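Below is one structure, written out as structure tokens, with a few remarks after it.
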Amino acid sequence: MCTHAGHLSAPARAVWAKSWPMHGAELRFWSPLWQHLHDAAGIAGRLWDEWLPPSVTRQIAQAAGGEPGGRALVCFLAGVHDIGKATPAFAVQVPALRDEMVQAGLGMPLVLAARATCKHGLAGQVILEAWLEARAGWTRPQARAFASVVGGHHGIPPSDGEAQAARAPTAANEELLGGAAWRDVQAELLDHMAGRVGASSYLDGEAWRTLPRPVLALALAVVVVADWLASNQDLFPLVDVEGDRRPLAQPDGDDDARLDAAWRGVALPAPWSPSQVEGAAAELLRARFDLPPSASARPVQEAAVAAARAMDPAGILVIEAPMGRARRRPRCSLRRSWLGAAGPVVWWSRSRRRRRRTPCSAG
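Residue numbering for the sequence shown is 1 to 363, as defined by full-length UniProt numbering.
Below, the structure is given as structure tokens:
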């Protein structure tokens, strides 16, 4: 859900993100960058609200300033993942759309021979780093760690050498990344998305500046999925260049219908929400395996239930007993309730007879 729409300048609205066909034929459809960023941020929010498992959202939220901070984090990163497309290195690829941007005040040459050295993921990482340092006083290491999510959103992050070369204040890099007018548009789009998803206060705060690497990796995974879905033209149709290319519409803050239709089309299942199971071991076994009322739990089963309820949910429970002592049934009975508290769990049980053939004989 958008919290702030805002208006964008003509140059910012002219920046393109997607086109069809891309090469070799007359342009028929396109998407402005702001629309693709809105779509990706919206999908990231739906993934957070309706698809990600609680164990993932909990880990992100704990580091990002609570549940609202975690949600704002993934929405913001998804909403700026393609900021590197607001550069001459990317925009020069489609002549018709390049010309629109030039007319809007974003100058660029007709051809950039070195554009392959500055792919939009790398460009976006460098742009976001500079914006974080200038906007909110982030330190260089803080900005670089955070912006690495943008750099790696296609699966392979830039190398240290590539990033260092792209940061160098050279005339060649300015030709690829853009001069003052381009930097104004890049900052405008970043500010727009920060306001839209409610990220501004977190960018000014402390929690996002020191996110652990595992949390950044999880956030990157959400961004990758959000970008993949937002790039699906069946879910998020492009714009007909004949009907809507000029004048370029302002973002109106009302993308809900577009997002709702796309989310229905994705039809992702909700995360499994196991219920907590109460009762004695015998009751659990009778309910789980449809046993008669006279059925009772064996000692190993009672011990397994007691151990599982007393232990840290993030621990490891090994059920070890001789063959025929009913090790399988307590595993199945406890799995649902334990998963409810712990998230993903790997189960392993073994018999004493097979101990020497198991991966770990120390328990």
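Just so you know, even glycine gets a beta-carbon here, dropped at the ideal spot from N, CA and C. Computed from a predicted structure; not experimentally measured.
For this session: Using alpha carbons as the reference points, say which of Thr170, Ala147, Ala171 lies closest to Asp160.
Result: Ala147
Only counting runs of 3 or more residues, tell me where the beta strand (DSSP E) segments fall wholly within the segment 18 to 82, in order along the chain. Listed in chain order, the complete beta strand (DSSP E) runs (minimum 3 residues) inside the segment 18 to 82 are 29 to 32.
- Item | Candidates Leu190, Arg115, Ala165: closest to Ala134 by CA position | Leu190 is the residue among Leu190, Arg115, Ala165 whose C-alpha sits nearest the C-alpha of Ala134.
Item checked: Own chain, CB closer than 6 Å to Val15, minus 5 neighbours either side, in chain order -> Leu33, Ala86
If we count the other Cβ atoms within 10 Å of its Cβ and call it buried at 16 or more, is Thr139 buried or exposed?
-> exposed
* **Val223 versus Val126 - alpha carbon distance** => 18 Å
- request: Return the CA-CA distance between Leu285 and Ala310, expressed in angstroms with no decimal places.
  value: 19 Å
- Is Pro237 near Phe29, with beta carbons less than 9 Å apart? yes
| request: With a threshold of 16 other CB atoms inside 10 Å of the CB of Met323, please say whether the residue is buried or exposed. | output: exposed
(message) I need the DSSP call for Val239, collapsed to helix, strand or coil.
(response) strand
| field | For Ser127, the first and last residue of its enclosing alpha helix (DSSP H) | value | The amino acid occupying residue 127 in the given sequence is Ile; Ser does not appear at that position. Element bounds for Ile127: 120 to 136.
Original post:
From Ala116 to Val318, what distance separates their C-alpha atoms?
Top reply: Spanning the alpha carbons of Ala116 and Val318 requires a straight line of approximately 53 Å.
Sufficient close CB pairs (3 or more, under 8 Å) joining the segment 72 to 84 to the segment 31 to 47: yes
Thr57 to Ala171 span [Cα, whole Å]:
Going from the Cα of Thr57 to the Cα of Ala171 covers about 43 Å.
| query | Given that a residue counts as buried once 16 or more other Cβ atoms are within 10 Å of its Cβ, and exposed if not, what is Phe289? | reply | exposed
Q.
According to DSSP, Trp16 sits in a beta bridge with which residue or residues?
A. Pro32
Note to self: Is it the case that the segment 48 to 62 contacts the segment 190 to 206, given that we only count it when at least three CB pairs across the two stretches are under 8 Å?
What the structure shows: no
Fill in: Of the residues Ala165, Ser294, Pro293, Ile316, the one placed nearest Ala304, counting alpha carbons only
Ile316
Residues near Trp208 in its chain [Cβ-Cβ closer than 8 Å; skip 5 each side]
Excluding its 5 nearest sequence neighbours in each direction, Trp208 has C-beta neighbours in its own chain below 8 Å: Ala64, Gly65, Gly69, Leu73, Phe146, Tyr202, listed in chain order.
- Would you call His153 buried or exposed, if buried means 16 or more other Cβ atoms sit within 10 Å of its Cβ? buried
- Give the secondary structure of His192 by DSSP, where H, G and I count as helix, E and B as strand, and everything else as coil. helix
* Do you know how far the Cα of Val94 is from the Cα of Gly178? -> 17 Å
- Task: In angstroms with no decimal places, state the Cα-to-Cα distance between Thr3 and Val197.
- Result: Any reading at Thr3 needs caution, since the residue's pLDDT is 42, under 50, leaving its predicted position unreliable; the model's value is listed next. Cα to Cα, Thr3 sits roughly 6 Å from Val197.
- prompt: Where does the unbroken alpha helix (DSSP H) through Ser206 begin, and where does it stop?
  reply: A small correction: the amino acid at residue 206 is Glu; Ser does not occupy that position in the sequence shown. Note, Glu206: premise wrong, no alpha helix (DSSP H); not H, not E.
> When the Cα atoms are used, what is the spatial distance from Ala261 to Leu235?
Replying inline: Taking the straight line from one Cα to the other gives about 7 Å.
Quick one: measure Cβ to Cβ for Val225 and Ile60, integer angstroms, because I've assumed they're closer than 8 Å.
The pair is not a contact, with the Cβ atoms about 14 Å apart (cut-off 8 Å).
Exercise. Could you give the distance in angstroms between the alpha-carbon of Cys118 and the alpha-carbon of Glu100?
Worked result: 22 Å
Worksheet item: So, are the CB atoms of Pro11 and Ala96 less than 9 Å apart?
Response: no
**Prompt:** Between which two residues does the alpha helix (DSSP H) harbouring residue 365 extend?
**Reply:** Here the chain has residues from 1 to 363 only, and residue 365 is not among them.
Open item on the list: Less than 9 Å between the C-beta atoms of Ala165 and Gly151, yes or no?
Closed with: No Cβ-Cβ contact shorter than 9 Å links Ala165 with Gly151.
Exercise. Where do the ends of the alpha helix (DSSP H) carrying Asp160 lie?
Worked result: 160 to 167
Q | Same chain, Cβ closer than 8 Å to Gln142, neighbours up to 5 away in sequence not counted | A | Leu132, Arg209, Thr210
Quiz prompt | Expected contact under 8 Å - CB spacing of Leu220 and Val266 to nearest Å | solution = No, Leu220 and Val266 are not in contact; Cβ-Cβ is about 20 Å, not under 8 Å.
| task | Give the secondary structure of Pro271 by DSSP, where H, G and I count as helix, E and B as strand, and everything else as coil. | result | Pro271 falls in the coil class under three-state DSSP.
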